[in-house]
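Chain order of the listed sequences is V and F. At position 683 of the first sequence the residue is numbered 683 (my numbering), and the sequence of numbers has no breaks. At position 154 of the second sequence the residue is numbered 1154 (my numbering), and the sequence of numbers has no breaks.
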Amino acid sequence: MKFTLSWLKSYLETDASLEVITDKLTSIGLELEEVVNPADELRPFVIAKVIEAAPHPDADKLQVLKVDTGSEILQVVCGAHNARTGLLGAFAPSGSVIPSNGMKLKPTKIRGVESNGMMCSERELRLGEDHDGIIDLPSDAPVGMSFADYKGIDDPIIEIAITPNRQDALGVYGIARDLAAAGLGTLKNPDQSPIKGTFPNPLNVTITSKKECPVFAGRYIKGVKNGQSPAWLCRRLKSIGLNPISILVDITNYMTFDLARPLHVFDADKVNGDLTIRMGKEGETLEALDDKTYKIGSENCVVADDKNVISLGGVMGGSATGCTDKTVNVYLECAWFDPITTALTGRKLGIESDARYRFERGVDPESVLTGIEAATKLILELCGGEASDVITAGKVPSVSHTISFRPERIAELGGVTVSLDEAKVILGNLGFTAEVSGKKLNVTNPSWRCDIVGEADLVEEVLRIYGFENIVSVPLPNSSRPIITGLNAMQKRVRTAKRTAAGRGLREAVTWAFLPESQAKLFGNVPAHLILDNPISNDLSTMRPSLLPNLITAAGRNADRGAHSSQLFEAGNQFSSDVPEGQHMVIAGIRRGLNGVRHWTGNPEKVSAYDAKADAEEILRTIGVKIDNAQVAAEAPAWYHPGRSGALKLGPKNILAYFGEIHPKILKSLDVKGPLVGFEIMLSSIPFPKAKSDNNRGPLKASDYQAIERDFAFVVDQGTPAGDLVRAVKSADKNLIENVAIFDVYEGFGENGSQKSVGINVKLQPKSGTLTDDEIEAFSTKVIASAAKKTGAKLR
Amino acid sequence: MDDLKQIETDITAAINGVNDIDSLDKLRVAELGKKGRVSLLMRRLGKMTPEERQEFGPKLNGLKTALNDKISDRKNVLEEEALNARLLSEKIDITLTPTPEGKGSIHPITQVVDEVTEIFTEMGFSVAEGPEIEEDFYNFTALNIPEEHPARQMHDTFYFPEDENGKRKVLRTHTSPVQIRTMMAGKPPFRIIAPGRTYRCDSDATHTPMFHQVEALVIDKGIHMGHLKWSIENFVKKFFEVENVKVRFRPSYFPFTEPSAEVDIGCSFKDGEIVIGEGDDWLEIMGCGMVNSKVLENVGLDPNEYQGFAFGMGLDRISMLKWGIPDLRDFFAADLRWLKHYGFSCLDIPSLSTRPLTQSGQK
């Protein structure tokens, strides 16, 4: 909401400075956004007189002027065709900055002739579009006077933010009313006294949609003369960014911003017969003042004449009945339209208008009757003519109600004690009626404050005028009942997982939760209900079914920027459906390129599925999963390389994680070069360990007997998983075996290379005595037998 | 017996003349071994008279001990020299770099969530979470934002298609629905923060369609705006690590709080950088207020018994302020250079017990 200081002062008698006023606006909830004085950039410009205009010796289109600035006579080279001896205009001295282009003037030579300063056009001063020659002022303009003062534009423009509850402050008068209540001066009321009609209203008005338009006031004004608005009106409209159009149109705009009272003026000669305010009918259309044609439905409240819809109630009028320069007779409408209906109509038809903006926030219904008088007064003043009686259809709705207000609620909610008497005064100044009833106040809201519904609203009203700065900090007391604090188990798990991943050399990224549908589909089924109706762009349309695609494309972008390799992870939700249970917390990571950098100690290798497996296992281990109990199965989803990926599982159904190389077709679709490996850990589907009864870890049982190690080289079929062999070896003697590790794999062994040799190291830890040679021999036999039985392995 | 002196002189000279341990060992065997000169003299002891033996025996033993000591000393010297020579030959180029390890990092958003969590945990809060795809009820209706209300326009909402009942899910526009879920699921008092991702259909230099908020909610008996102000001041001091901070409440409007306020903190601009805490400028950091009695009724609480406050702020924004990160859009670009520059070590876990002293704290 914009307005000028002088406009505000037309309703507020005050000695307060601009700064005091703007500070107060902010402190009462009308937050200052900006103050700009258009005169500021025009300060150096003065009125100057051309005392001589001679042709430039070297240029046909230039003249050499002698200019009297009131303090000195300067030579100025000028290219304007209207420069002439005797002209009075706006002079920009050397050192000043031209507002339209930011150019700083300095003494110069133009085609060999010295020039000091410049005579300006309107456009150069940002006062208008006129660039057809320099400003040409009337002969009585005083030489040497500040140009801004002369033009009367030394008037700061104030812009404030209005919250949706404060419709009353969407007019300058309402802002003045709030400032006066806050003690910043005296409110001056607008003249809204009734104007007696000189003839009966010739049009009948009928309301059939009483809920959507409870009251409609109309008045016929004949014999008006439309034209250009007077300077004061043009200036006010321009100052808030509105282009003056014609007096009749400008008056409706002005009423909207002056009194927050939208109204409409029809060209009465274009209206066919009487008016009806009714709901629209399917098939009706309206070409509105924005030159667009809208399809009207039964949910839209319209103003219609005997033939057509002529206006969308509270939103926008029709162009067919709009006023033009030729308009002679007008019909003035001042009505109250229901906020919800107005909002729905505006939203459905996609119309943003100043009228809609106000009606959907709840225009003061009492202003129907006063507003029509204020508008009539302006029309008669500026356009002449004769006004009819006012016809009023329907009844002004009441938005006032009485709230039983306990003033102690101010302290209870606001933390500031304000006495009953003080509260009564503040509310009274704001236009509320407040009657003392015992220890309470019976408070009735004024018609312009339909947002007030309960005691808390009154607390805020009193407090914002009394001053939020009076709220004193009070330490938060202990909770009235002991409550749990900090992170829950799942939150701790996510934090641990993230910091473990970062500790392993992965950099945490936060990427969009949505991505292109085409990319989402590469990572599983995408239900239609996970595709946004109104995405910001098609690239951000679909909720991600996996965290991987965004990480993979990020790796691609980093590669394009020259990164040899990328290591990224992210923790966040992936989505399988739109219910809370369909939003799964996952940590996923990728590694692209090499698993290190070139170095004198040895060169890095391409990342492999085992790098991803290591990431997954280590993160699982640190979040408390007994990873040694997990199974590894070649069951990764389709976006992984089918032969180089797997799932880590606890039991047949509970998938902890997937890992592996990303499928080359996926990389191709995402336009990212491999090698690229990744993992996904389903943090929210991993069971939590049972709550421990105590933290006691029990004594360390370290054996004093010497551990021994034995190596075995087994030959198995190429397709036999080494993990099976390890499990077979482990099962040979669970008490004795402390660890089994694979130290060598040699593929392409045996006939046709169809076998592989697997070197296995077994560490034995006896607990009751040193092992004898016989015992070790017996153990070896058991290992070999178990491996042979379970995997067909033969000792090499 | 003069030969003893001579023998000692001869052998001592030989020991000192030896330059390696092998030669020294050979010398020891030659001189002190079974066939060595000293051993031969020892054998002569048996043929001597008791008087001679008494005189000669100790001298001979003395000689033997002295020579053994000299050999041992010489051996130590030679070993020391050999070790020194070896160490010298083992010298490496200590300016060469060790094998590099890949460095990971934590995103500033995670860091800021952990910091905020730490501060509020100390103040007795727990962390609550909720779904990002929300029902209209939790995101709007229960928060006193009815369908047609203009306040909904403040929330450029992302919508999903209508379901068979004509209802549309939304991407939550704020973390406030977590308030509603928390209050509906539990019993008062409540004291939670709810950090998380939020979404609005908005994209320009300072807005991204996804961003992060943290919501705080306190519901108890007798909670008022003074407690709210203290909580915010306490948070701001700890988060921005400043001793004093000016906090200003401005009346504002949110459908879910009444009275409502926007919160500005004092700041100043020095050399284009923002300094939080003091100064004549104000910086808006959050919206807050007393939970609207309608919201309390919507979740089944009696506003005459329980009341409290809520506030919400942008996590991206406060991390930009704290760490001087210029552009919000970079947060979500996953550019390794940015992640490296603005990221945190995995071990940099925020903790009040290891909070660094501020400049004013060091005075």
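No residue lacks a Cβ here, since even glycine has one placed at the ideal position from N, Cα and C. Just so we're clear, the structure is a prediction, and the values are computed from it rather than from any experiment.
Simplified DSSP state of residue i, which is helix, strand or coil
i, result
"H401/V", "coil"
"W1282/F", "strand"
"K196/V", "coil"
"V67/V", "strand"
"W512/V", "coil"
"A393/V", "strand"
"W336/V", "strand"
"Q765/V", "coil"
"I157/V", "strand"
"M255/V", "helix"
"V1218/F", "strand"
For residue i: DSSP bridge partner residues
i, result
"K106/V", "K106/V pairs with nothing; no bridge assigned."
"K756/V", "V716/V and E747/V"
"Q491/V", "In DSSP, Q491/V forms no bridge with anything."
"Y1159/F", "V1170/F"
"E570/V", "A588/V"
"P55/V", "Q63/V"
Partners in chain F for residue i, counting only beta-carbon separations shorter than 9 Å
i, result
"I484/V", "S1126"
"I471/V", "H1224, M1225, G1226, L1228, K1229, F1249 and A1261"
Status (buried if at least 16 other CB within 10 Å, exposed otherwise) for residue i
i, result
"R111/V", "exposed"
"V215/V", "buried"
"S193/V", "exposed"
"F1137/F", "exposed"
"E581/V", "exposed"
"L670/V", "buried"
"Y746/V", "exposed"
"I221/V", "buried"
"N558/V", "buried"
"Q1006/F", "exposed"
"F1160/F", "buried"
"D457/V", "buried"
"G280/V", "buried"
"M103/V", "exposed"
"H1224/F", "buried"
"G128/V", "exposed"
"A778/V", "exposed"
Chain F contact residues for residue i, given Cβ-Cβ distances below 7 Å
i, result
"A502/V", "G1104, S1105, I1106 and C1346"
"D421/V", "Those do not exist, as D421/V stays about 21 Å from chain F at its closest Cβ, beyond 7 Å."
Neighbour flag for residue i against chain B, beta carbons, 9 Å
i, result
"H641/V", "Among the protein chains of the structure shown, namely V and F, there is no chain B."
Cβ-based neighbour list, residue i, same chain, cut-off 8 Å, excluding 5 preceding and 5 following
i, result
"D191/V", "A374 and K377"
"S6/V", "D155"
"L548/V", "F523, A588, I590, W639, I662, G678 and E680"
"G171/V", "T256, F257, D258, L259, A260 and R261"
Proximal residues to residue i (C-beta, below 6 Å), its chain only, five neighbours per side dropped
i, result
"V820/V", "Shown here, chain V extends from 1 to 796; a query on residue 820/V therefore has no answer."
"A634/V", "G646"
"A741/V", "N761"
Cutoff 7 Å; reference residue i; Cβ partners in own chain excluding five residues on either side
i, result
"V716/V", "L725, Q755, K756, V758, T791, G792 and A793"
"E1148/F", "none"
"K1169/F", "I1133, E1134, E1135 and F1160"
"P200/V", "S388 and D389"
"D306/V", "N272, G273 and D274"
Contacts of residue i in chain V (Cβ-Cβ under 9 Å)
i, result
"Y1159/F", "L532, D533 and N534"
"S1293/F", "G454, E455 and A456"
Chain F contact residues for residue i, given Cβ-Cβ distances below 8 Å
i, result
"H529/V", "F1160, P1161, D1163 and K1169"
"E508/V", "G1104, S1105, I1106, H1107, T1110, L1339 and G1343"
"I28/V", "P1251"
"I175/V", "Here the premise fails: no neighbours, minimum Cβ distance about 14 Å."
Residues that residue i contacts on chain V, provided the C-beta gap is smaller than 7 Å
i, result
"S1203/F", "I536"
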